[in-house]
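What follows is one structure encoded as structure tokens, with my remarks underneath.
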């Protein structure tokens, strides 16, 4: 939401000369201490790529192209030379650009109809690709499945912009305001349907336009988000225009970690079309890592499934067939008691199985046929479990953390059998011997 009232020019040049602006999305004051160049420098140090967004709320094609020129053009033009004058000789070479943010949302500054946005996104994309044809551009999809325009929004936007863009975005956040853990953990099924619906919509537009390319998906905002909603509303209503207020500082509990694990499994299952995905955010703001000023940093409960998927979920996601007992919840029917996905890292000769047992009371035996992976042996079983669904971590200590177990598995005649504890996140790692 920040980007729809963002003037990128304010964020470059000498820090002491940068203007302070009213930030409308979160009703705070933005001093522009961290700008385009500082963020690009941090990303380089962190060994990650920048996904940049352009303002299509209060601005448009010209500002987007100027920012692209500033970031990516080597030298010899107004904005590339401006970057150099700011002490940044080499271009940032940012390849992935989002065309606005959540433009379907009435909360968005400069909110537009699907047709209005689709036309603007298409023209902006064409202009940006005139500057750099190698760019990968992301058009805004629905902010969540409850939007009244979903999924017609995607169809209308893509009919305007299909030929000019490379990805369509999806966003979703889940919460448990009614303290119904079974229903809460079933919400990854909503994420699964969301992805399937958008794939179908993209393929419909592809057929209608007689297009050659498949539209890929960028699930570039997803997480659990609800714990701090009341305090956030109070801050913005009663104490606006402060600098860097404490907003969206959710303190995550154990059940949140289980749902994050289930969402990661869902994303891996659809990695043939979901080619990018971004946990929102990383530090302090709905984040796996929390810090205190001049104090410690610690890992929230959701840190661990994300760590495991990032570390071990590399390679090829296998199209496995799951047979599981099922249950119903308040909002969902036929929810599998177990959800799982397997990833094969051919180079490392490893197979990793991620699994969540959604049964809150009973352990379940997971049986996996490894007939296609002769010679693979179980080398590690990591489990995240806790008797208190609402247990949290803090600066004082991490009560929710994974452990390695050795007495819950056996591998005989190519069949892996593993006991999945009630309400648990499991990582089963196999390596060729």
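Numbering (my numbering), first residue to last: 22 to 454. We put the CB at the ideal spot given by N, CA and C, even for glycine.
Cα separation between residue i and residue j?
i	j	result
residue 163	residue 213	15 Å
residue 280	residue 271	15 Å
residue 55	residue 389	48 Å
residue 276	residue 247	13 Å
residue 181	residue 139	5 Å
residue 291	residue 98	42 Å
residue 366	residue 250	40 Å
residue 359	residue 445	10 Å
residue 380	residue 431	22 Å
residue 332	residue 407	23 Å
residue 286	residue 298	12 Å
residue 245	residue 195	5 Å
residue 133	residue 183	18 Å
residue 223	residue 216	11 Å
residue 368	residue 267	44 Å
residue 351	residue 210	13 Å
residue 303	residue 339	28 Å
residue 439	residue 284	22 Å
residue 153	residue 405	45 Å
residue 58	residue 68	15 Å
residue 173	residue 160	14 Å
residue 31	residue 126	25 Å
residue 84	residue 148	11 Å
residue 399	residue 451	4 Å
residue 103	residue 29	13 Å
residue 362	residue 204	21 Å
residue 81	residue 46	18 Å
residue 443	residue 377	9 Å
residue 156	residue 179	18 Å
residue 208	residue 53	37 Å
Exposed or buried, which one is residue i when buried takes at least 16 other CB atoms within 10 Å?
i	result
residue 118	buried
residue 95	exposed
residue 121	buried
residue 200	exposed
residue 375	buried
residue 197	buried
residue 274	buried
residue 167	exposed
residue 411	exposed
residue 354	exposed
residue 243	buried
residue 35	exposed
residue 436	exposed
residue 423	buried
residue 434	exposed
residue 395	exposed
residue 295	buried
residue 309	buried
residue 278	buried
residue 226	buried
residue 24	buried
residue 288	buried
residue 108	exposed
residue 44	buried
Taking residue i as part of the alpha helix (DSSP H), name the residues at either end of that continuous run.
i	result
residue 220	208-230
residue 254	250-259
residue 305	Run containing residue 305: none; DSSP gives neither H nor E here.
residue 145	135-152
residue 86	82-93
residue 333	324-333
residue 57	57-66
residue 290	275-290
residue 176	173-182
residue 102	99-106
I believe residue i touches residue j by the beta-carbon criterion, under 8 Å. Please report the beta-carbon distance rounded to the nearest angstrom.
i	j	result
residue 72	residue 241	7 Å
residue 128	residue 259	In fact, because the Cβ distance is near 19 Å, the residues do not count as touching under 8 Å.
residue 50	residue 262	5 Å
residue 114	residue 93	6 Å
residue 77	residue 141	6 Å
residue 329	residue 403	7 Å
residue 426	residue 373	Not a contact, Cβ separation roughly 16 Å.
Over what stretch of residues does the beta strand (DSSP E) that includes residue i continue unbroken?
i	result
residue 440	436-441
residue 32	Unbroken run through residue 32: none, as it is neither H nor E.
residue 371	371-378
residue 446	445-453
residue 366	359-366
residue 161	Here residue 161 belongs to no beta strand (DSSP E), and DSSP marks it neither H nor E.
residue 244	237-245
residue 337	337-339
Checking contacts by CB at 8 Å: is residue i closer than that to chain B?
i	result
residue 169	Structure shown: chain B not included; a single protein chain is present.
Quiz item: Is the stretch 308-321 in contact with the stretch 415-430, if contact means three or more CB pairs nearer than 8 Å?
Solution: A contact between stretches requires three or more CB pairs, one per stretch, nearer than 8 Å, and the stretch 308-321 meets this requirement with the stretch 415-430.
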